[in-house]
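Novice: To start, I am sharing the structure in question, which I have written as structure tokens.
Number of protein chains: 2
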Amino acid sequence: MSDTSLAGDLRRRIIAGEFAPGERLSEAALAARLDVSRNTLREAFRALAQHGLVEHVPNRGVSVASPTTADVVDIYRARRQIECGVLRDASPLHPGVAAMRQEVERAEAAVEQGDWATVGTANMAFHRALVSLSDSPRLERAHEQLSAELRLAFLAIADFESLHRPFVTRNRAVLDALVDEGPEAAAAELERYLTESERRILGAYARLGRA
Amino acid sequence: MSDTSLAGDLRRRIIAGEFAPGERLSEAALAARLDVSRNTLREAFRALAQHGLVEHVPNRGVSVASPTTADVVDIYRARRQIECGVLRDASPLHPGVAAMRQEVERAEAAVEQGDWATVGTANMAFHRALVSLSDSPRLERAHEQLSAELRLAFLAIADFESLHRPFVTRNRAVLDALVDEGPEAAAAELERYLTESERRILGAYARLGRA
DNA sequence: GGACCCGCATTGTTCAACAATCGTTGCCAC
DNA sequence: GTGGCAACGATTGTTGAACAATGCGGGTCC
Numbered sequence: 001m002s003d004t005s006l007a008g009d010l011r012r013r014i015i016a017g018e019f020a021p022g023e024r025l026s027e028a029a030l031a032a033r034l035d036v037s038r039n040t041l042r043e044a045f046r047a048l049a050q051h052g053l054v055e056h057v058p059n060r061g062v063s064v065a066s067p068t069t070a071d072v073v074d075i076y077r078a079r080r081q082i083e084c085g086v087l088r089d090a091s092p093l094h095p096g097v098a099a100m101r102q103e104v105e106r107a108e109a110a111v112e113q114g115d116w117a118t119v120g121t122a123n124m125a126f127h128r129a130l131v132s133l134s135d136s137p138r139l140e141r142a143h144e145q146l147s148a149e150l151r152l153a154f155l156a157i158a159d160f161e162s163l164h165r166p167f168v169t170r171n172r173a174v175l176d177a178l179v180d181e182g183p184e185a186a187a188a189e190l191e192r193y194l195t196e197s198e199r200r201i202l203g204a205y206a207r208l209g210r211a
Numbered sequence: 001m002s003d004t005s006l007a008g009d010l011r012r013r014i015i016a017g018e019f020a021p022g023e024r025l026s027e028a029a030l031a032a033r034l035d036v037s038r039n040t041l042r043e044a045f046r047a048l049a050q051h052g053l054v055e056h057v058p059n060r061g062v063s064v065a066s067p068t069t070a071d072v073v074d075i076y077r078a079r080r081q082i083e084c085g086v087l088r089d090a091s092p093l094h095p096g097v098a099a100m101r102q103e104v105e106r107a108e109a110a111v112e113q114g115d116w117a118t119v120g121t122a123n124m125a126f127h128r129a130l131v132s133l134s135d136s137p138r139l140e141r142a143h144e145q146l147s148a149e150l151r152l153a154f155l156a157i158a159d160f161e162s163l164h165r166p167f168v169t170r171n172r173a174v175l176d177a178l179v180d181e182g183p184e185a186a187a188a189e190l191e192r193y194l195t196e197s198e199r200r201i202l203g204a205y206a207r208l209g210r211a
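Written as structure tokens, this is what we have:
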């Protein structure tokens, strides 16, 4: 997915929460830890910075991105635009619908076992599959970037259960609406989903006393 | 706009057509020409690659991107999704509308003087201003990437007059529709614009016998 | 307490070298 | 002539060390 395996590796580590959002990433220290040269690491940083996963301030190094409330609001505005738009133009017969169903079922199974991390990744995979209905690599790429940033917000909040559990049934509702009632109804359902999800994150941010 | 000034510099050079689309960019040669180190240049390459401006194939270096017909189709699909969606939600009272009008007038003035390069940049600036109506940095960023790639398609075709002249009046029509008839009518007008523009590029590609 | 200055740590950039990989060229057998 | 095969050359990938440039914090002086 990423050019250098190093960038992909770092990306995975960040998304996995190995580095806290906002944490400063020292070139020398990280290069030593990953056993790569500083120059190679800097190349990877440039790639990640364009993804919005790390923030790069000239002469002050890079930190793991830490979305502010303004960022969250913007991410959801963009998500609404992309996901709802895609869904409105989507066909219920698109092969990607099977992938959506698969992720919903994976999430439902994970809920049974209280595995909230898996619930979260399945939820996000559901929306990735949703965007894949557009058959547009560029829309998928844009959405992928939004998801990565959003994941950092989830990490900052850490309460996976309250962030992800309520949305399994909502994802199921979107899927059912698409199959049974058509794209327009599904888009409306999705819009409700996104509004609710955004509200919940902002609420958690407020409780954390966060910018 | 870009982190390192070098990446921005390269970006400007590529967009200005200093390097032909598809041209291979040798690290050693370009580093010498720009009077920077190979390492620094490689960092800039990584940033540009994520923008879609250059293509990076491991062990085979980077080339200036050269959109295929499939790319053009995808770019327009994404543009339609983003631009039309933004316009539908836009208010005619948004300050960005003034910027749109300014660009339309700049394009109209350039048409008078036969300055097709300026017509082209004004047309693209019009659409950037249009997306700015969303007040969403992330949507603007995504759109900016699409524009940069599209510009490479324009460069490959080179016939600026036939690519840009017909669309000045269409941009004007979109603006007028937004102000006089509201967002929905403007979005419909914009959709016609995009369809026509896409058709014209694909036609030119076909005449060039291009992939 | 506030402004100024200096030193320290980190980033930015360069250079030279070597390993890894790709494409090509020339050779040989068939 | 054609098809594979091996060595070569060129380019990219990565490293390590060095030095310049910048930002930050501590200390001093008023």
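Sequence order for the protein chains is A and B. For the first sequence, position 26 matches number 26 in full-length UniProt numbering, and the numbering has no gaps at all. For the second sequence, position 208 matches number 208 in full-length UniProt numbering, and the numbering has no gaps at all. All residues carry an ideal CB built from backbone N, CA and C; glycine is no exception.
Checking contacts by CB at 9 Å: is N39 of chain A closer than that to chain B?
Specialist: yes
Novice: Are A90 of chain A and L152 of chain A touching if we call contact CB-CB under 9 Å?
Specialist: no
Novice: Report yes or no: do the stretch 164-184 of chain A and the stretch 98-110 of chain A share at least 3 C-beta pairs separated by less than 8 Å?
Specialist: yes
Novice: Can you find at least 3 beta carbon pairs, one from the stretch 187-199 of chain A and one from the stretch 54-69 of chain A, that sit closer than 8 Å?
Specialist: no
Novice: Across which residues does DSSP place S63 of chain B in a beta bridge pair?
Specialist: B:R24 and B:E55
Novice: Name the chain A residues that come within less than 9 Å of G61 of chain B, Cβ to Cβ?
Specialist: The premise fails here: G61 of chain B is roughly 12 Å from chain A at the closest Cβ pair, so nothing lies under 9 Å.
Novice: Using only alpha-carbon positions, find the residue among A:L155, A:I201 and A:Y205 that is nearest to A16 of chain A.
Specialist: A:L155
Novice: The alpha helix (DSSP H) spanning F19 of chain B covers which residue range?
Specialist: Unbroken run through F19 of chain B: none, as it is neither H nor E.
Novice: Measuring CA to CA, which of B:A107, B:E149 and B:P92 is closest to A186 of chain B?
Specialist: B:P92
Novice: List the whole-angstrom C-beta distance separating L139 of chain A from R79 of chain A, where the pair is believed to meet the contact cut-off of C-beta under 8 Å.
Specialist: In this structure, L139 of chain A and R79 of chain A do not form a Cβ contact; the two beta carbons are roughly 12 Å apart against a cut-off of 8 Å.
Novice: Let me check understanding here. Comparing Cα to Cα, which of A:A65, A:T69 and A:Y205 lies closest to I157 of chain A?
Specialist: The shortest C-alpha separation from I157 of chain A is found at A:Y205.
Novice: Alpha carbons only, please: which of A:T69, A:I75 and A:L133 is nearest the one belonging to R88 of chain A?
Specialist: A:L133
Novice: With 9 Å as the C-beta to C-beta threshold (strictly closer), list the residues of the stretch 123-138 of chain A near chain B in chain order.
Specialist: S134, D135, S136, P137 and R138
Novice: Residues of chain B with CB closer than 8 Å to the CB of G8 of chain A, please, in chain order.
Specialist: Those do not exist, as G8 of chain A stays about 12 Å from chain B at its closest Cβ, beyond 8 Å.
Novice: Take the Cβ of G85 of chain A as the centre, count every other Cβ of all protein chains shown within 10 Å, and call the residue buried at 16 or more, exposed below.
Specialist: buried
Novice: If the cut is a Cβ gap below 9 Å, which residues of chain B does V86 of chain A touch?
Specialist: Within chain B, the residues near V86 of chain A are Q81.
Novice: Are there 16 or more other CB atoms within 10 angstroms of the CB of G203 of chain A, so buried, or fewer, so exposed?
Specialist: exposed
Novice: Using the rule of at least 16 other Cβ atoms within 10 Å of the residue's Cβ for burial, across every protein chain shown, is L208 of chain A buried or exposed?
Specialist: exposed
Novice: Since I believe I75 of chain B is in contact with L150 of chain B (beta carbons under 8 Å), could you give me their beta-carbon distance rounded to a whole number of angstroms?
Specialist: 6 Å
Novice: Taking a contact to mean a Cβ-Cβ separation below 9 Å, would you say L53 of chain A touches L6 of chain A in this structure?
Specialist: no
Novice: Which residues of chain A have a Cβ atom closer than 8 Å to the Cβ of I75 of chain B, listed in chain order?
Specialist: R138
Novice: Taking the alpha carbon of P166 of chain A as the reference point, which residue from A:A32, A:R46 and A:A107 has its own alpha carbon closest?
Specialist: Measuring from the Cα of P166 of chain A, the nearest candidate turns out to be A:A107.
Novice: If E43 of chain B and E43 of chain A are in contact, beta carbons under 8 Å, what's the gap, nearest whole angstrom?
Specialist: 6 Å
Novice: Find the nearest neighbour of T121 of chain B within the set B:G96, B:D135 and B:A148, judged by alpha-carbon distance.
Specialist: B:A148
Novice: Under 7 Å, CB to CB, which of the residues in the stretch 150-163 of chain B have a partner in chain A?
Specialist: none
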